[in-house]
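Engineer:
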Amino acid sequence: MDQESQTVPKIEYDNAALAALIKKTGEGDPTAFADLYDSTGNLIFGLVLRILTDQTLAEEVLLDVYTHIRKESASYNPENFMPLEWIITIARTRAVMRLDSNKEGRKRTLPEAGETDPKTTVAPALQDFARSSIESLTHSQKEILDWIFYTGLSCSEVAANSGKPLGAVKTYTRLGMSKLYDLFCPLYERGTGSENDNGE
Amino acid sequence: MICFALFMSAGRDQKTIMGNKTLSHEKPTEEIRELAALFSLGALTQHEARSFEAHILEGCRVCEKEYNKFKHITAEIGFTVNETAAPDYIREMILARIEHVAPEKIPEQTPESEPKDEEASAKTILSSAPRPVLTQPSSRRLNIFPWILAVILAAAAALIFYAYYSEQVANDRLESELDTIRSEKQNLELSLEDQKSWEGDLQQIISTVSKPETRILHLAGYDKVPTASGAILWDVQENKCLIFGYMPPVPSGKAYQLWYLTSKEQIPSGMLRPNPDGRIYRWFPIPESITSMTMVISLEPEGGSKSPSLPWYAIGRKD
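Chains as they are written, first to last, in this note's numbering: chain A, 1 to 200; chain B, 1001 to 1319.
(1) Could you give the distance in angstroms between the alpha-carbon of Ala-1158 of chain B and the alpha-carbon of Leu-153 of chain A?
(2) Compute the distance between the beta-carbons of Cys-155 of chain A and Leu-1038 of chain B, then report whether it is under 7 Å.
(3) If you drop the 5 nearest sequence neighbours on each side, which residues of the same chain put their C-beta closer than 6 Å to that of Thr-1074 of chain B?
(4) Quick one, are the C-beta atoms of Phe-1079 of chain B and Ala-130 of chain A less than 7 Å apart?
(5) Rounded to whole angstroms, what is the Cα-Cα separation between Val-61 of chain A and His-1025 of chain B?
(6) Are the C-beta of Gln-202 of chain A and some C-beta of chain B separated by less than 7 Å?
(7) Residues in its own chain within less than 7 Å of Leu-175 of chain A by CB, not counting five upstream and five downstream?
(8) At a Cβ threshold of 7 Å, is Ser-73 of chain A touching chain B?
(9) Do the CB positions of Ile-144 of chain A and Ala-95 of chain A come within less than 7 Å of each other?
(10) Given a cut-off of 7 Å on the beta-carbon distance, is the pair Ile-978 of chain B and Tyr-1256 of chain B in contact?
(11) Going by other Cβ atoms of all chains shown within 10 Å of its Cβ, with 16 needed for buried, is Thr-1084 of chain B buried or exposed?
(12) Which residue's Cα is closest to the Cα of Val-1225 of chain B: B:Leu-1044, B:His-1047, B:Asp-1277 and B:Tyr-1313?
(13) Just curious, the beta strand (DSSP E) that Met-1093 of chain B is in, first and last residue?
(14) List the residues that DSSP assigns as beta-bridge partners of His-1218 of chain B.
(15) Spatial neighbours of Pro-1248 of chain B within its chain, please: C-beta separation below 6 Å, excluding the five flanking residues on both sides.
(16) Going along chain B, which residues have a C-beta under 7 Å from Ala-159 of chain A?
(17) Helix, strand or coil: how does DSSP classify Arg-1182 of chain B here?
(18) Any Cβ of chain B within less than 7 Å of the Cβ of Tyr-172 of chain A?
(19) Applying the criterion that 16 or more other CB atoms from any shown protein chain within 10 Å of the CB defines a buried residue, is Glu-1034 of chain B buried or exposed?
(20) Determine the direct distance from the alpha carbon of Leu-1272 of chain B to that of Gln-1237 of chain B, and round the result to whole angstroms.
(21) So if DSSP puts Leu-1272 of chain B in a beta bridge, which residue, or which two residues, is it bridged to?
(22) If you run the structure through DSSP and keep just helix, strand and coil, what is Ser-1210 of chain B?
(23) Quick one: give me the first and last residue of the beta strand (DSSP E) that Glu-1300 of chain B is part of.
(24) Could one say the Cβ of Glu-1119 of chain B lies closer than 7 Å to chain A's Cβ atoms, at least one of them?
(25) Note down, in chain order, all residues in the stretch 1082-1099 of chain B with a beta-carbon under 8 Å from any beta-carbon belonging to chain A.
(26) Per the DSSP calculation, Trp-1312 of chain B is bridged to which residue(s)?
(27) In whole angstroms, what is the alpha-carbon distance linking Met-1293 of chain B and Lys-1211 of chain B?
(28) Please report whether the beta-carbon of Ser-154 of chain A lies at a distance below 7 Å from any beta-carbon of chain B.
(29) Under 8 Å Cβ to Cβ from Thr-1208 of chain B, same chain only, skipping five residues before and after it: list those, please.
(30) Please report the straight-line C-alpha distance between Ile-1160 of chain B and Ala-159 of chain A, rounded to a whole angstrom.
(31) Spatial neighbours of Ile-90 of chain A within its chain, please: CB distance less than 7 Å, with the 5 preceding and 5 following residues excluded, ordered by chain position.
(32) How about Arg-1055 of chain B and Cys-1063 of chain B: do their beta carbons lie closer than 7 Å?
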């Protein structure tokens, strides 16, 4: 199994600090919200731009995402999601909702990934680990997960748009997600916060 | 949908949670993992996603655990994108906007309202987490469908009305043609009946003429009605005569009357009423005492007269 040889890196990404910023945002602290945006904005803008492939739309959705984060911050529960997971899930949901409202309907193409840019600000180790984990999937598993994640289509719609059989789409999804879970599992068990990594 | 039905029936037993019997799975299967993975990615249809979510809320710990595994993975995929700096004005706009957006307060939980068991904790986990993207049906399809349905129904109604109207018009035309045919048939039947009657009369005439003792008298139009014509067949053996021929139509309240004129008397014999065509045909008895006579036809009141009125309309003579 790959995860046996996979080294789980020291994660420099500070869960506790981000969780604290969200908590303070929920309490109405505008400075904490600005810090939260400064920490995560580039990653979230990169994500919505990849999904929407349009700069103007991506900017609109970015506004929408952080407005939503501000509203929902009081109900954030760190036991359910790590801070970045929570923000990424919100961002993807809002971007896909914007895709759904487009006139093109459900006919979509897989957006290009572009060249990998090593420049990161929020969680370089975690990002590298995620990228290497994704790259360890088979081409078909990665392709189907990309289709589902970046187009927001259902598996049957992905099958129709990508030309893959529906059964294959479901199987590749299950296998790909299971493999990613196996890779990330040690990370979850150990925790990703700096306080855990550093034993603080 | 078939996949979901299989999932619901696969590897599950009945478990009592909070006194209610709910269906839950005993162990994770490939189907459960598949649904949990697709659910966390938001790749199920809306109906499938809501069913799966309801199933977890009913208390299936196996499915909840699988979902909790995959919900993190979905977000991890988002880490792989390239970070991109948004324009500075976006930061300013966001910070300006949030001045008008207050965080939504969450209701404070009292000890009574806190989750007391595993099922309640599942509800808390699902409700507090960002919802996975639920695949929405195309809004355009949703908007257009009622219009398409309305157009189809309107077209169907128009077709039904047109078919009904055409049927009615065709029925009316057929009814009219049928009435005409019935009327023509009635006329033909009357005509046939008349022809049969005339044929019977002709048979009688031929039979009477062929007898050697029959005398034939020519009945000629007289005075005002020269067009009247006919014949009188006198059966001497049986003392009767047959008068047939054509007479002009009679005025209302009038009728033709036949008279036997001898040198001594004018004997009324009977009334003659021509049919609508003017044809006359009737047998009359002849008194035995008469051996020669003149027969005349006069126009009399409908009940007949005791003596013939002038002018005579037809006359036949037998010496």
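The beta-carbon is built from N, C-alpha and C at its ideal position, and this holds for glycine as well.
Structural biologist: On the basis of the supplied data:
(1) Computed Cα separation, rounded: 40 Å.
(2) Contact: yes.
(3) Spatial neighbours of Thr-1074 of chain B in its own chain (CB-CB distance under 6 Å, excluding positions within 5 residues in sequence) are listed in chain order as Ser-1040 and Leu-1041.
(4) Yes, the pair counts as a contact, with Cβ atoms nearer than the cut-off.
(5) Distance between the alpha carbons of Val-61 of chain A and His-1025 of chain B: 39 Å.
(6) With chain A represented from 1 up to 200, any question about residue 202 of chain A goes unanswered, as that position is not in the structure.
(7) Within its own chain, the residues whose Cβ lies closer than 7 Å to the Cβ of Leu-175 of chain A, once the five positions on either side in sequence are excluded, are Gln-141, listed in chain order.
(8) For Ser-73 of chain A, the answer is yes, since a Cβ of chain B falls inside 7 Å of its Cβ.
(9) When the beta-carbon positions are compared, Ile-144 of chain A and Ala-95 of chain A stay at least 7 Å from each other.
(10) Because chain B spans 1001 through 1319 in this model, residue 978 of chain B falls outside it and cannot be assessed.
(11) Buried, since its Cβ has 16 or more Cβ neighbours within 10 Å.
(12) Taking each of B:Leu-1044, B:His-1047, B:Asp-1277 and B:Tyr-1313 in turn and checking the Cα distance to Val-1225 of chain B, the smallest one comes out for B:Tyr-1313.
(13) No beta strand (DSSP E) contains Met-1093 of chain B, which is instead part of the alpha helix (DSSP H) from 1088-1097.
(14) For His-1218 of chain B, which the question treats as bridged, DSSP gives the partners B:Ala-1231.
(15) Only residues of its own chain outside the window of five on either side were considered, and among them Val-1225 have a CB closer than 6 Å to the CB of Pro-1248 of chain B, listed in chain order.
(16) The premise fails here: Ala-159 of chain A is roughly 11 Å from chain B at the closest Cβ pair, so nothing lies under 7 Å.
(17) If DSSP states are grouped into helix, strand and coil, Arg-1182 of chain B belongs with the helices.
(18) No, no contact with chain B.
(19) Buried is the call here.
(20) In a straight line, the C-alpha of Gln-1237 of chain B is about 23 Å away from that of Leu-1272 of chain B.
(21) In DSSP, Leu-1272 of chain B forms a bridge with B:Tyr-1256.
(22) Three-state result, Ser-1210 of chain B: coil.
(23) Looking at the DSSP string, the run of the beta strand (DSSP E) that includes Glu-1300 of chain B is 1293-1301.
(24) Legend: pLDDT at Glu-1119 of chain B = 46, less than 50; position of this residue unreliable, value from coordinates given subsequently. False, the Cβ-Cβ gap to chain A never drops below 7 Å.
(25) Going along the stretch 1082-1099 of chain B in chain order, one finds Asn-1082, Glu-1083, Thr-1084, Ala-1085, Ala-1086, Pro-1087, Ile-1090, Arg-1091, Met-1093, Ile-1094, Leu-1095, Arg-1097, Ile-1098 and Glu-1099 with a Cβ nearer than 8 Å to chain A.
(26) Looking at the DSSP assignment, Trp-1312 of chain B forms a beta bridge with B:Ser-1298.
(27) One alpha carbon belongs to Met-1293 of chain B, the other to Lys-1211 of chain B, and they sit about 21 Å apart.
(28) Cβ-Cβ to chain B under 7 Å: yes for Ser-154 of chain A.
(29) When the five nearest sequence neighbours on each side are left out, the beta carbons in the same chain lying within less than 8 Å of the beta carbon of Thr-1208 of chain B are those of Thr-1214, Leu-1233, Asp-1235 and Leu-1242, in order along the chain.
(30) Cα to Cα, Ile-1160 of chain B sits roughly 41 Å from Ala-159 of chain A.
(31) Result list for Ile-90 of chain A: Val-65, His-68 and Ile-69, in chain order.
(32) Rather than Arg, the amino acid found at residue 1055 of chain B in this sequence is His. Yes, these two residues count as a Cβ contact at 7 Å.
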